[in-house]
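Structure first, then comments.
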Amino acid sequence: MKIAVAGTSYVGLSVALLLSQHNEVHALDIVPEKVAMLSQGKSPIVDKEITAFLEGNASGERPLNFHATLDPAQAYTGADFAIVATPTNYDERRNYFDTSSVEAAIAAVREHAPEAWIVIKSTIPVGYTSQLRQRLHDHRILFSPEFLREGRALWDNLHPSRIVAGAPQDDEEAVQAARKFVSLLADGADPREKDRENADGTRGIPELVVGTTEAEAIKLFANTYLALRVAYFNELDTYAEARGLDARAIINGVCLDPRIGPGYNNPSFGYGGYCLPKDTKQLLANYASVPQNLIEAIVDANRTRKDFVADEIIERVCGVEEPTVGVYRLTMKSGSDNFRQSAIQDVMKRLRGEGLNVLIYEPTWNQPEFLGNAVTHDLVAFKDAADVIVANRWNDDLADVPEKVFTRDLFKRD
Numbered sequence: 010m011k012i013a014v015a016g017t018s019y020v021g022l023s024v025a026l027l028l029s030q031h032n033e034v035h036a037l038d039i040v041p042e043k044v045a046m047l048s049q050g051k052s053p054i055v056d057k058e059i060t061a062f063l064e065g066n067a068s069g070e071r072p073l074n075f076h077a078t079l080d081p082a083q084a085y086t087g088a089d090f091a092i093v094a095t096p097t098n099y100d101e102r103r104n105y106f107d108t109s110s111v112e113a114a115i116a117a118v119r120e121h122a123p124e125a126w127i128v129i130k131s132t133i134p135v136g137y138t139s140q141l142r143q144r145l146h147d148h149r150i151l152f153s154p155e156f157l158r159e160g161r162a163l164w165d166n167l168h169p170s171r172i173v174a175g176a177p178q179d180d181e182e183a184v185q186a187a188r189k190f191v192s193l194l195a196d197g198a199d200p201r202e203k204d205r206e207n208a209d210g211t212r213g214i215p216e217l218v219v220g221t222t223e224a225e226a227i228k229l230f231a232n233t234y235l236a237l238r239v240a241y242f243n244e245l246d247t248y249a250e251a252r253g254l255d256a257r258a259i260i261n262g263v264c265l266d267p268r269i270g271p272g273y274n275n276p277s278f279g280y281g282g283y284c285l286p287k288d289t290k291q292l293l294a295n296y297a298s299v300p301q302n303l304i305e306a307i308v309d310a311n312r313t314r315k316d317f318v319a320d321e322i323i324e325r326v327c328g329v330e331e332p333t334v335g336v337y338r339l340t341m342k343s344g345s346d347n348f349r350q351s352a353i354q355d356v357m358k359r360l361r362g363e364g365l366n367v368l369i370y371e372p373t374w375n376q377p378e379f380l381g382n383a384v385t386h387d388l389v390a391f392k393d394a395a396d397v398i399v400a401n402r403w404n405d406d407l408a409d410v411p412e413k414v415f416t417r418d419l420f421k422r423d
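Residue numbers for the sequence shown, in my numbering: 10 to 423.
This is the structure in structure tokens:
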């Protein structure tokens, strides 16, 4: 079976490599440098499993039927499925995801593969797929949400918590196509997952084929719940800091309750990354005519947390003449090279607004400045120049200057 994938960031590339184990997969991108790297067996993103798959394919140790291309005709012509995994940034003015790249990709698919089933993997507003099918008079469009972590995207595809696809439930042909797509993803998963025991006593990978709008809602509500967890434990940490309490001890005691558990409980400077900020805002916008309090409170709580963190940093340098605040890495997570919408960026803006000098250590940023702040690759000079070092996540790079470090990373993990 031939499968095309539009977009080779962590969603598109991970699903392309997963499916290329048993199918002919053509991954399309518009960036020549990324396509060149992929063709050479090199990963353009930091992801251990993606790197291993590409290197294994290049060496012949793990052969894959994977092809990277800049040519839409090569990618789409003859494709049975075309997966759209292009970015949908949140437009603050419209309170809506920018879906222009999705629609451009769909138009390109239809130019070369009028009968292919299109599966949208990009995150989109609730109700978008149904509206798009009607507007384009194209009933061969499905939606399948992703539940991936940046830096572990392929691992999460190999070991999925569940596989979800959306199709109109009154369209049997579309439902069967959605089931086929789900089976393709399941076939690519680690074989051990097929006989695993789930918490509810069932075995294997849970597979759900629901309506397109329900599938879209699953994605946004899942990410908003994760944002809620992050915001909750951040607010607990804020309380503990303000009252002089041991936040780690409180969190451990709370999370020993199996109904609560230990996931997403390590304090941070706020939830960030590419998904959680925009997904919570989009879900809030979808509530325009529906009563709600909690969703809006999550967004507000994240803003309040970043204000608190900035105030704590300012207090640390109070009394220091012309202090320099060092920011250790812009990334949200350890083991990641992505800092889109990272919480530290908003903290930095608050610090700059107070007139503080900010110096950034970020080895993956190749420009001399970021948001008007100086960037250095010299770790030794960075640690020497900074009066306080702000780190969303601890790293042993800072082990020799613990007295300078400000972090809320209590458990030394993401």
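By construction, the Cβ of each residue, glycine as well, lies at the ideal position given by its N, Cα and C atoms.
Cross-strand partners of residue i (DSSP beta bridge)
i: K11; result: E33
i: D100; result: Y105
i: N404; result: Per DSSP, none; premise fails for N404.
i: L217; result: V173
i: R212; result: E206
i: L229; result: DSSP output for L229 lists no bridge partner at all.
i: H76; result: H35
i: T385; result: Y370
i: G335; result: L368 and I398
i: E378; result: A383
i: V128; result: I92 and L151
i: F415; result: V399
Alpha-carbon to alpha-carbon, residue j and residue i
i: V367; j: F379; result: 10 Å
i: E321; j: Y296; result: 34 Å
i: A390; j: F348; result: 23 Å
i: L157; j: E324; result: 37 Å
i: A236; j: P267; result: 20 Å
i: N207; j: R171; result: 10 Å
i: P154; j: K203; result: 20 Å
i: V356; j: K315; result: 6 Å
i: D100; j: F106; result: 6 Å
i: S52; j: R252; result: 46 Å
i: E330; j: R103; result: 43 Å
i: A394; j: T333; result: 7 Å
i: V14; j: L285; result: 24 Å
i: L63; j: A162; result: 14 Å
i: N311; j: T97; result: 21 Å
i: G197; j: T313; result: 42 Å
i: A400; j: Q185; result: 48 Å
i: I369; j: P123; result: 49 Å
i: H76; j: E120; result: 20 Å
i: Y19; j: G328; result: 44 Å
i: I59; j: G21; result: 11 Å
i: A82; j: A88; result: 10 Å
i: E159; j: G281; result: 12 Å
i: V24; j: D396; result: 44 Å
i: K392; j: M10; result: 54 Å
i: A383; j: Q143; result: 49 Å
Burial state of residue i, where buried means 16 or more other Cβ atoms lie within 10 Å
i: F420; result: exposed
i: K57; result: exposed
i: L254; result: exposed
i: L28; result: buried
i: Q301; result: exposed
i: V211; result: The identity of residue 211 in the sequence shown is Thr, whereas the question assumes Val. Exposed, by the Cβ-count rule.
i: L167; result: buried
i: Y248; result: exposed
i: P41; result: exposed
i: L303; result: exposed
i: R205; result: exposed
i: S298; result: exposed
i: Q428; result: Only positions 10 to 423 of the chain appear in the structure, and residue 428 is not among them; the question remains open.
i: Q354; result: buried
i: M341; result: buried
i: L388; result: exposed
i: G381; result: exposed
8 Å contact criterion, which residue i and residue j should meet: CB distance rounded
i: I307; j: T373; result: Actually they do not touch by this definition, with Cβ atoms about 29 Å apart.
i: L47; j: A36; result: 7 Å
i: V128; j: A114; result: Not confirmed; about 11 Å, so no contact.
i: D38; j: L73; result: Their Cβ separation, rounded to whole angstroms, is 17 Å, which puts D38 and L73 out of contact at 8 Å.
i: T108; j: Y85; result: Actually they do not touch by this definition, with Cβ atoms about 19 Å apart.
i: N32; j: L193; result: 7 Å
i: S277; j: R422; result: Incorrect: roughly 11 Å between the Cβ atoms, too far for contact.
i: I214; j: P177; result: The Cβ separation is near 24 Å, so there is no contact.
i: I12; j: V34; result: 5 Å
i: A125; j: F90; result: 6 Å
Contact with chain C by residue i, beta-carbon distance below 8 Å
i: V14; result: Any reference to chain C falls outside this structure, which holds one protein chain only.
Given 8 Å, three or more beta-carbon pairs between the segment 333-340 and the segment 260-275 | no
Is the segment 219-230 touching the segment 284-292 in the sense that three or more CB pairs, one from each, lie closer than 8 Å?
-> Contact between the segment 284-292 and the segment 219-230 is present, with at least three C-beta pairs closer than 8 Å.
Per the contact definition of three or more C-beta pairs closer than 8 Å, is the segment 236-248 in contact with the segment 210-224?
-> Output reads no: the segment 236-248 does not touch the segment 210-224.
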